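Under numbering that gives the first Met the number 0, think of the first position of the sequence shown as 0, with each following residue one higher.
C-beta atoms are modelled at their ideal positions from N, C-alpha and C, and glycine is treated no differently.
Keep in mind that this is a model prediction, so the values were computed, not measured.
Before any comments, here is the structure.
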Amino acid sequence: MGLGVRDRASRYFRARLTHPMADDDSVAERDPTSDRLRRSLDIAGEAYDVPAADREAFLDAACGEDAALRQAVDDLMAFDAESHTLLDGGLDELFAPPPVESVGGYRVVGELGRGGMGIVYAAERVDGTFEKTVALKLVQHGKATADAARRFARERRVLARLDHPGIARLLDGGVTPDGRPYFIMERVDGVPLTAYAAAHDLDTDARLGLLLDVCDAVAHAHRLLIVHRDLKPSNVFVAEDETGASQVKLLDFGIAKALDEDDDEEALTQTGGGALTPAYAAPEQVAGEPVTAATDVYALGVMAYELLVGKRPYGFASRAPAEVARVVREAQPTRPSEAVRTTTRTAAQAPADAPEAEDPAHRADPDRWAAPPKRLRGDLDAIVLQALRKEPERRYATAAELAADLRRHVEGRPVRARGDGWGYRANRFVRRHALAVSVTAALALALVGGTAAVLWQARETAREAARANATLDYVLGMFEAVDPVELEGGQLRPADLLAPGLRQAAALDDQPLVQASLLEGLGRLGVGLGLFATADSVLSRAVDVRRRVQGADHAELAAPLTLLARSRIAERRYDEAIEAGEEAVRLLAEGRDPDALAEAQVVLGTVRERRGDTEAATALMRSAVRHARKPALRVEALTGLAIQLTDSDSLDAALPLFRQATDLAVRAFGPTDPRTADALYDRANAVQTAGDTEEASQLHAQALAVYERAYGRGDYRTGRSLYTLAVLNHTADPAAAERYYRDALTAYEASTLDGDHLWREYARVGLGALLLSTDRPTEALPLLTTGAATFAEDLGADDPRTQAARAQRALALAQTGRASEGVAMLRRLDAELAQVEPTGGLRLSVLEKLAQALDASGQARAADGIRRQIDGLKRDAGPSPS
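Quick look at the structure:
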């Protein structure tokens with residue numbers, strides 16, 4: 000063979016290392032077998048085991064700041080490329096292990112690839128019991144060190160825990176006679192993720208589908224407390240089954256970490272001769288800090304960026320470790336939608352001979368696929384950027400959370416990455432229904448958030464129609480002008496949606512009827528967003544303008560008056576709501592707009608019911624049912640009448656009306672429309688009253704699913720359904736009830752509804768009562784204290800809800816070391832109730848808590864006396880009505 004490869008390389012490098020321009024003059028005096036020469040030969044040999052895409056990063060890590068060593072290695076690589084001697088067999092001859100023919104019970108049939116310390120072969124069973132070809136991973140000859148064995152064992156342990164269709168399966172493993180560990184895996188015949196997407200010219204939806212498959216596979220690992228730590232497209236293969244359907248397979252858990260194992264944390268900038276890929280490494284990895292599942296989320300964010308934008312989020316001026324660390328830890332990624340525009344613009348404008356000043360994978364490429372900017376703007380911008388946040392705690396915590404947000408985007412639901420402000424949810428709702436309903440109807444749904452109210456009625460004259468259309472165009476334009484990106488982090492408040500319109504209305508004093516129409520539209524929007532105080536002010540101005548311009552008896556006054564009554568009901572200003580509702584009904588009584596009359600009657604009937612005038616409320620609802628033509632109003636009227644009948648103890652007559660309302664809602668709006676959810680919620684309450692808790696739970700769960708999809712978790716309607724489910728499960732399933740109570744409280748605390756509404760306090764007190772009943776009085780006490788104080792302020796000290804909350808709080812005091820205080824409070828409360836309902840259920844409940852408090856204070860005899868008193872009161876009250 001003449002000169003051996005090492006001799007020829009040594010002769011070549013003797014000249015290079017003794018060259019007058021060498022960085023380290025001391026090298027000139029060394030023998031070619033010196034440490035530096037041996038190290039450069041070792042690094043060059045190992046470099047060929049690293050995938051080409053990762054080779055530069057490996058060389059940077061292996062050589063560090065030793066410029067002379069890096070120069071030597073680069074020269075060797077250049078020598079190899081120029082002579083082809085090393086590439087075509089030299090380094091293989093120098094470093095190759097003896098040929099491998101069989102391992103364990105497997106026969107090697109070919110080589111699939113090489114890594115930093117291992118070789119992957121294609122193999123098949125010798126005995127033919129398993130016909131499919133497998134992948135055999137074996138420690139390279141000469142590298143079977145204790146460290147390599149430990150790494151192989153760890154990878155095998157990790158793979159043994161994983162069982163997911165998106166992860167290559169471990170089949171077998173062992174140790175060769177010469178001490179080299181190996182394991183057998185499912186063979187994956189596919190191509191890397193990004194290469195597959197490019198080769199098949201996949202569109203945005205298809206790419207998101209692949210990304211979701213990857214996230215699901217990683218999420219499986221995260222659930223088992225395993226972090227991959229080296230996610231990148233070359234470790235995610237996409238294969239196709241017999242039908243041509245794609246199947247993602249996650250590979251190479253060589254540096255994965257089991258978070259529940261107490262193994263030593265290695266420095267992972269260089270692992271077993273292989274390096275982390277800088278383009279996909281998270282900031283905490285390059286800083287040598289602990290990794291979590293959020294580390295994998297970061298890499299998934301980079302892959303998402305690359306799949307959607309066509310380039311990675313960062314470019315590196317050089318591959319020096321310091322530069323890589325600086326970029327990964329400090330550089331902020333360009334928003335994907337802007338990066339696409341920049342890429343397109345740069346690619347179109349850059350001269351053909353422009354120098355390549357940055358990472359080639361990052362620069363503009365006119366042939367590189369990218370999603371349309373409009374598709375990226377908003378949700379996908381927010382999702383990708385959250386995954387790429389520098390601080391791990393600000394990313395999605397796991398791949399499952401990232402996947403959940405991607406699915407919300409795909410399904411047209413609000414995503415968590417951008418918050419769930421009302422304006423954003425309304426914008427999403429309009430978009431989601433744009434193909435199913437007219438623009439006017441879709442906007443109405445978004446504005447009123449599922450109530451049965453409608454936009455202002457169409458005007459009959461050309462002038463009036465033009466005026467209404469101008470108003471509608473403005474309100475719709477206001478939604479379209481809202482950039483969803485601004486909603487990220489709660490930057491846009493619901494009130495911000497009204498501000499531009501209010502400014503425009505103020506400038507329309509010379510066009511009073513246009514001003515009035517605009518104010519009505521803004522008022523309806525305010526009611527739908529729960530901004531009742533603002534809506535009241537705006538609608539009052541609309542009423543004043545119409546009275547001044549059109550007169551006190553004009554029928555068009557009815558629309559703002561009806562809305563004003565709705566707003567005042569929500570604010571519990573019932574007398575003022577009755578005044579506005581009665582005026583609206585009077586103005587419409589002789590008119591030609593039956594739907595407007597029906598809406599006014601529903602509103603007036605509702606407030607009459609709140610005031611206890613059941614007879615008048617029922618008559619109004621019956622009339623509304625007769626007049627209503629539009630499905631939304633018929634549903635609300637039927638539901639309103641059914642509620643009145645329920646309150647009048649006519650449940651048998653009410654239940655068919657509730658079913659009729661829900662059936663009509665499903666036919667008119669579809670099963671996933673918020674108005675259908677409203678009807679389901681009311682029907683569920685009636686079914687619950689009838690005693691069928693199983694059906695009630697099912698109906699409430701259906702309503703909750705619709706509310707969550709339409710409005711997210713930060714909404715009072717979602718909270719209301721969660722609270723009701725909590726009550727239904729309070730005794731039967733305390734653990735489920737606790738989750739519902741906590742979610743309901745979270746929903747109400749995030750809600751934008753004006754005022755300190757009672758539903759939030761119902762959830763707070765309900766949760767406190769549950770915690771108290773499950774022996775957690777310390778957790779219960781602050782909840783019950785806040786709830787009781789709010790009830791007292793809002794409802795009055797004598798309201799039964801306030802008294803019940805006070806009793807719960809007193810018992811919590813007694814069970815947290817303040818027994819005398821709790822007992823005294825319960826005795827005072829009993830004395831109050833004895834005057835008004837001596838044998839009532841609330842007094843009996845208070846006495847039962849008094850007995851428990853006395854037990855807690857060590858007064859068992861007194862507690863027994865209270866229980867005998869309870870028995871006596873029950874006898875005095877007689878049998879409960881059936």
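{"Check": "C-alpha gap between L757 and Q385, whole angstroms", "Outcome": "35 Å"}
{"Check": "Buried or exposed by the 16-neighbour rule on C-beta atoms within 10 Å, applied to K131", "Outcome": "exposed"}
{"Check": "Residues of its chain near V542, where Cβ-Cβ distance is below 7 Å and the 5 sequence neighbours each way are ignored", "Outcome": "L556, P559, L560, L563"}
{"Check": "Limits of the unbroken alpha helix (DSSP H) element including A700", "Outcome": "692 to 710"}
{"Check": "Touch test, the segment 148 to 156 against the segment 209 to 216, Cβ-Cβ under 8 Å, three pairs minimum", "Outcome": "no"}
{"Check": "Contact check, S844 vs A813, beta carbons under 8 Å", "Outcome": "no"}
{"Check": "Exposure of P335, with buried meaning 16 or more beta-carbon neighbours within 10 Å", "Outcome": "buried"}
{"Check": "CB contact flag (L841, R826, <8 Å)", "Outcome": "no"}
{"Check": "Where the alpha helix (DSSP H) containing I865 begins and where it ends", "Outcome": "859 to 876"}
{"Check": "Straight-line Cα distance separating R69 from S39", "Outcome": "8 Å"}
{"Check": "Identity of the residues DSSP links to K136 by a beta bridge", "Outcome": "V119, F182"}
{"Check": "Spatially closest choice to A599 from R666, V414, G525, V624, by CA coordinates", "Outcome": "V624"}
{"Check": "Inter-residue Cα distance where the pair is R775 and R800", "Outcome": "22 Å"}
{"Check": "The segment 588 to 607 in contact with the segment 567 to 576 per 3-pair CB rule at 8 Å", "Outcome": "yes"}
{"Check": "Touching by the beta-carbon criterion (3+ pairs, under 8 Å), the segment 160 to 178 and the segment 273 to 292", "Outcome": "no"}
{"Check": "Closest residue to A787 among V764, L769, A768 (Cα-Cα distance)", "Outcome": "V764"}
{"Check": "Close-in-space but distant-in-sequence residues of the same chain around Q701 (CB under 6 Å, 5 per side omitted)", "Outcome": "L679"}
{"Check": "Opposing strand residues paired with D171 [DSSP bridges]", "Outcome": "I183"}
{"Check": "Contact set for A664: own chain, Cβ-Cβ below 6 Å, skip 5 residues either direction", "Outcome": "V634, R674, T675, A678"}
{"Check": "First through last residue of the beta strand (DSSP E) which encompasses F236", "Outcome": "235 to 239"}
{"Check": "Cβ-based burial, L224 [other Cβ within 10 Å; buried from 16]", "Outcome": "exposed"}
{"Check": "Residues bridged to P413 [DSSP beta-bridge criterion]", "Outcome": "Answer by DSSP bridge pairing: none, since P413 is not bridged."}
{"Check": "Boundaries (first-last residue) of the alpha helix (DSSP H) holding L249", "Outcome": "Run containing L249: none in the alpha helix (DSSP H); it sits in the beta strand (DSSP E), 245 to 249."}
{"Check": "Cβ separation of V705 and T671, assumed to be a contact under 8 Å, to the nearest whole Å", "Outcome": "6 Å"}
{"Check": "Alpha-carbon to alpha-carbon, D188 and G104", "Outcome": "22 Å"}
{"Check": "Collapsed DSSP secondary structure at Y680 in the structure displayed", "Outcome": "helix"}
{"Check": "Any chain D beta carbon closer than 8 Å to W368", "Outcome": "In the structure shown, chain D does not exist; there is a single protein chain."}
{"Check": "Helix, strand or coil at S539 [DSSP, three-state]", "Outcome": "helix"}
{"Check": "Distance, F236 Cα to M76 Cα", "Outcome": "29 Å"}
{"Check": "Spatial distance of V888 from G711 (CA atoms)", "Outcome": "This structure leaves residue 888 out entirely; the chain is present only between 0 and 881."}
{"Check": "Within 8 Å, strictly: CB atoms of R328 and V285", "Outcome": "yes"}
{"Check": "Classification of P371 by the beta-carbon crowding that lies within 10 angstroms, buried from 16 upward", "Outcome": "exposed"}
{"Check": "Option in R741, V544, G857 with minimal Cα separation from G718", "Outcome": "R741"}
{"Check": "Separation of A631 from A667, as counted between CA atoms", "Outcome": "8 Å"}
{"Check": "Whole-Å CB distance - A811 paired with A779, under 8 Å assumed", "Outcome": "5 Å"}
{"Check": "Sheet register partners of S101 (DSSP bridge)", "Outcome": "R106"}
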